[in-house]
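Under the working numbering, the final residue of the sequence shown carries the number 258; numbering is consecutive throughout.
Heads up, the beta-carbon is just placed ideally off N, CA and C, and yes, glycines get one too.
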Amino acid sequence: MIKSIGLIFFMFFLVQEPVLKKQKLTDYLSMEVSTDLRTMTQQELSAKFLGARIPDVAMTDEQSAVEFTITASPTFWQDGDVALLKEFYDSSIPTLFQEIKFSQKELVELNEKEFVAYQFEGKPDVEGNRAAEQRYTYLLYTIHKNGLVTISFSCPPYLKSKWQPIAQKMFETTKFR
Numbered sequence: 082m083i084k085s086i087g088l089i090f091f092m093f094f095l096v097q098e099p100v101l102k103k104q105k106l107t108d109y110l111s112m113e114v115s116t117d118l119r120t121m122t123q124q125e126l127s128a129k130f131l132g133a134r135i136p137d138v139a140m141t142d143e144q145s146a147v148e149f150t151i152t153a154s155p156t157f158w159q160d161g162d163v164a165l166l167k168e169f170y171d172s173s174i175p176t177l178f179q180e181i182k183f184s185q186k187e188l189v190e191l192n193e194k195e196f197v198a199y200q201f202e203g204k205p206d207v208e209g210n211r212a213a214e215q216r217y218t219y220l221l222y223t224i225h226k227n228g229l230v231t232i233s234f235s236c237p238p239y240l241k242s243k244w245q246p247i248a249q250k251m252f253e254t255t256k257f258r
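Written as structure tokens, this is what we have:
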């Protein structure tokens, strides 16, 4: 009897939904973030973004398998250019990945803000790295105060069933200031 109760509690903890906690991530954006994510260390940032612009926010899970980033950069795009921005990324994203399979490629509105949303699986086309790992990726692009804001989530395919609904819930709570 006690073993059965213990097993039920164990199963409950395995299927328990992750907790999302509202966080002010940057001076321009807040959202609810899974408590299973932590800020990347300086060493992790240096290794993952060698030679690239360091994101404004970079988080991962305890195994460092998940990557969640937010990056803003000045741009020539204007607030009304989100549909045009989609056309640009429709053609440029496939050049950055191999074996890409889109499950979402559309304009969406979240909290009265228009975004270009992409969900797909593919291998990053890293120069000289033919053994790149397949990844599930969820991207949001938008324009905010004459800046291009990219919100990105990725994980290996074996974690997709766990993390895809979490990433969707997180992204749905995105709010700009």
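- Nearest neighbour of R134 by Cα position, chosen from T152, Q123 and V147, turns out to be T152.
- For V163, the enclosing alpha helix (DSSP H) covers residues V163 to L177.
- Counting every other CB atom within 10 Å of its CB across the protein chains shown gives G161 a total below 16, marking it as exposed.
- Note that the stretch 143-152 does not touch the stretch 179-197; fewer than 3 beta-carbon pairs, one per stretch, sit closer than 8 Å.
- Counted as a single uninterrupted DSSP element, the beta strand (DSSP E) harbouring L220 occupies residues R216 to H225.
- Taking the Cβ atoms as the reference, L188 lies roughly 6 Å from V163, within the contact range of under 8 Å.
- If you look at F130, you'll find it isn't in any alpha helix (DSSP H); DSSP assigns it neither H nor E.
- Shown here, Q144 sits in coil according to DSSP, grouped into three states, outside any helix or strand.
- Cα atoms of E113 and T150: separation of roughly 14 Å, rounded to the nearest angstrom.
- Across the set K250, L166, E202 and T120, the C-alpha of E202 shows the shortest separation from the C-alpha of E180.
- Straight-line measurement puts the Cα of L220 at about 15 Å from the Cα of T176.
- Q159 carries a coil assignment under DSSP once its states are collapsed to helix, strand and coil.
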